[in-house]
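Asks: Once you've had a glance at the structure underneath, I'll fire off some questions.
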Amino acid sequence: MTASSALPQDSQRHLTTIDGWRRFVDGPPGPPPRLDDAQYDALGEAGRAAFDEARLDHHGRLLVVATSVVRHTVASGRRLVVLNRHAISARRGLIVSGPAGTGKTIAITQLGLSHELLDRARHPTATDRKPVIYITVPPAATPRMIAAEFARFLGLPVMARMNITDLIESVVGVCTDARTGMILVDELHNISLTTQHGAEVADTLKYFSERIPATFIYAGIDIEHGSLLTGTRGAQIAGRFTLIPTQPFPYNSEWRGLVATMEKTLALRRHELGTLAKLDRYLHDRTGGMIGALSHQIRGAAIDAIFNGTEKITKAGLKAVSLDVAAESAQLRRSGNSR
Numbered sequence: 001m002t003a004s005s006a007l008p009q010d011s012q013r014h015l016t017t018i019d020g021w022r023r024f025v026d027g028p029p030g031p032p033p034r035l036d037d038a039q040y041d042a043l044g045e046a047g048r049a050a051f052d053e054a055r056l057d058h059h060g061r062l063l064v065v066a067t068s069v070v071r072h073t074v075a076s077g078r079r080l081v082v083l084n085r086h087a088i089s090a091r092r093g094l095i096v097s098g099p100a101g102t103g104k105t106i107a108i109t110q111l112g113l114s115h116e117l118l119d120r121a122r123h124p125t126a127t128d129r130k131p132v133i134y135i136t137v138p139p140a141a142t143p144r145m146i147a148a149e150f151a152r153f154l155g156l157p158v159m160a161r162m163n164i165t166d167l168i169e170s171v172v173g174v175c176t177d178a179r180t181g182m183i184l185v186d187e188l189h190n191i192s193l194t195t196q197h198g199a200e201v202a203d204t205l206k207y208f209s210e211r212i213p214a215t216f217i218y219a220g221i222d223i224e225h226g227s228l229l230t231g232t233r234g235a236q237i238a239g240r241f242t243l244i245p246t247q248p249f250p251y252n253s254e255w256r257g258l259v260a261t262m263e264k265t266l267a268l269r270r271h272e273l274g275t276l277a278k279l280d281r282y283l284h285d286r287t288g289g290m291i292g293a294l295s296h297q298i299r300g301a302a303i304d305a306i307f308n309g310t311e312k313i314t315k316a317g318l319k320a321v322s323l324d325v326a327a328e329s330a331q332l333r334r335s336g337n338s339r
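Below you can see the structure in the form of structure tokens.
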């Protein structure tokens with residue numbers, strides 16, 4: 001079997017399906033070994049191609065680092081699960097909110113991972129449990145679209161003739177039977193209480209939270225500054241949910257630790273450990289402290305190093321990786337202010 005043929009199908013890559021989520025929980029394959037030039041040459045042409053493909057796939061995956069936000073989210077979420085264990089109604093939830101690229105999705109999915117692994121440990125022989133559901137809120141979502149996202153994750157059929165009541169009852173029934181204990185809802189900023197559909201979607205999520213005995217975890221961009229926590233509906237959400245803010249990392253010991261941790265995961269044959277640690281200030285200036293941009297830049301430079309045969313990351317290689325518009329624009333502003 002070649003490295004490329006071992007890759008998962010598209011349906012297995014997405015966290016918004018039960019297959020994709022389970023693959024995420026089971027974890028990625030181990031990192032490729034670090035070979036010296038002699039070992040690499042001894043693989044032969046076909047072996048080198050397969051080895052390089054495995055290394056490209058390794059660097060293409062998003063690296064998860066246990067940041068302070070991730071640890072806080074996991075601890076807060078696990079506490080809420082226990083507090084909600086005997087709640088009949090008005091279960092408490094969590095909202096992770098902040099600018100784009102600050103690790104919100106990583107935080108809630110790591111919480112979901114922790115919950116599912118704990119559930120598996122407690123019920124090692126159970127095969128019909130679905131402890132965690134992960135969905136994203138589509139743009140311009142309607143209540144039926146939200147119900148369909150739940151159904152799609154669970155692998156339930158969504159027929160055109162099915163109304164929203166049918167969908168909700170089907171989802172609630174499966175979640176109850178499968179002992180679903182945590183529901184992760186990402187991209188919450190796509191809900192606006194200033195629109196009729198947005199208000200109806202918020203009501204639908206609230207109804208799900210009342211029917212399914214689970215802890216609901218939300219994540220979205222700058223939720224506290226939007227409409228979701230305003231008005232009567234917003235007051236209900238604000239009264240039941242704890243807010244965990246995310247933000248760019250300052251240049252401090254945690255940032256330096258992030259860079260060092262990411263460097264240790266590199267599968268490059270000629271990269272000298274400590275090179276990126278010496279560039280941690282440059283990496284902070286370039287990314288503005290955004291963990292998403294940092295991960296993209298390091299992984300992109302590693303992929304380029306395999307493509308061009310240098311097998312190491314340099315400052316020039318990091319500069320060659322274009323970042324997202326927000327990160328590049330912020331760097332230009334910082335450069336202009338420093339003149």
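Per full-length UniProt numbering, residue 1 is the first one in the sequence shown, and the count goes up by one each step.
The beta-carbon is built from N, C-alpha and C at its ideal position, and this holds for glycine as well.
On the three-state DSSP scale, how would you describe L245?
Replies: For clarity, residue 245 is Pro in the given sequence; the question names Leu instead. Strand, per DSSP.
Asks: Three Cβ pairs or more, each shorter than 8 Å: is that satisfied between the stretch 65-77 and the stretch 198-211?
Replies: no
Asks: Would you give the residue range spanned by the beta strand (DSSP E) that S97 belongs to?
Replies: G93 to G98
Asks: Please classify M182: does DSSP put it in a helix, a strand, or coil?
Replies: strand
Asks: Compare the Cα-Cα distances from S295 to each of V321, D177, K278 and A316 and report the closest residue.
Replies: V321
Asks: Going by alpha carbons, who is nearest to S192 out of F249, G309 and G226?
Replies: The shortest C-alpha separation from S192 is found at G226.
Asks: Give a yes or no on whether the C-beta atoms belonging to V96 and I221 are separated by under 8 Å.
Replies: no
Asks: Using the beta-carbon count (16 or more within 10 Å), is T125 buried or exposed?
Replies: exposed
Asks: Keeping to the same chain, check which residues put their C-beta closer than 7 Å to that of A238; ignore five residues upstream and five downstream.
Replies: L229
Asks: Just checking, does the stretch 119-133 make contact with the stretch 254-271 on the three C-beta pairs under 8 Å criterion?
Replies: When C-beta atoms of the stretch 119-133 are compared with those of the stretch 254-271, fewer than three pairs fall below 8 Å, so the two segments do not count as touching.
Asks: Can you name, in chain order, every residue of its own chain whose Cβ lies under 7 Å from the Cβ of M145, other than the five neighbours on each side?
Replies: P138
Asks: Count the other CB atoms within 10 Å of the CB of A42; is the residue buried (16 or more) or exposed (fewer)?
Replies: exposed
Asks: Identify, in the order they occur along the chain, each residue of the same chain with its Cβ nearer than 6 Å to the Cβ of V65, setting aside the five sequence neighbours on each side.
Replies: L258 and T261
Asks: What residue range does the beta strand (DSSP E) around G220 cover?
Replies: In the DSSP annotation of this structure, the continuous segment of the beta strand (DSSP E) that includes G220 starts and ends at T215 to I221.
Asks: Going straight from the alpha carbon of G20 to that of D37, what length do you get?
Replies: 36 Å
Asks: In the DSSP assignment, find the beta strand (DSSP E) that holds I133 and state where it starts and stops.
Replies: V132 to T136
Asks: Along the chain, where does the alpha helix (DSSP H) containing T16 start, and where does it finish?
Replies: No alpha helix (DSSP H) holds T16; DSSP gives it neither H nor E.
Asks: Given a threshold of 16 other Cβ atoms within 10 Å of its Cβ, counted over all protein chains shown, does F51 qualify as buried or as exposed?
Replies: Answer is buried; the Cβ neighbour count reaches 16.
Asks: Using DSSP with H/G/I as helix, E/B as strand and the rest coil, what is K312?
Replies: Coil, per DSSP.
Asks: Would the beta-carbon of K312 fall within 8 Å of that of R281?
Replies: no
Asks: Pick helix, strand or coil for A320, following the three-state DSSP scheme.
Replies: coil
Asks: Going along the chain, which residues of its own chain have a beta-carbon closer than 6 Å to the beta-carbon of I298, five neighbours each way excluded?
Replies: M262
Asks: Quick one, are the C-beta atoms of A160 and M182 less than 8 Å apart?
Replies: no
Asks: Does the beta-carbon distance from T105 to P248 come in below 8 Å?
Replies: no
Asks: Using a Cβ-Cβ distance under 8 Å, would G309 count as near chain C?
Replies: As a matter of chain content, chain C is missing from the structure shown, which is built from one protein chain.
Asks: Let me know if S89 comes out buried or exposed under the rule of 16 or more other beta-carbons within 10 Å of its beta-carbon.
Replies: Its Cβ having fewer than 16 others within 10 Å, S89 is exposed.
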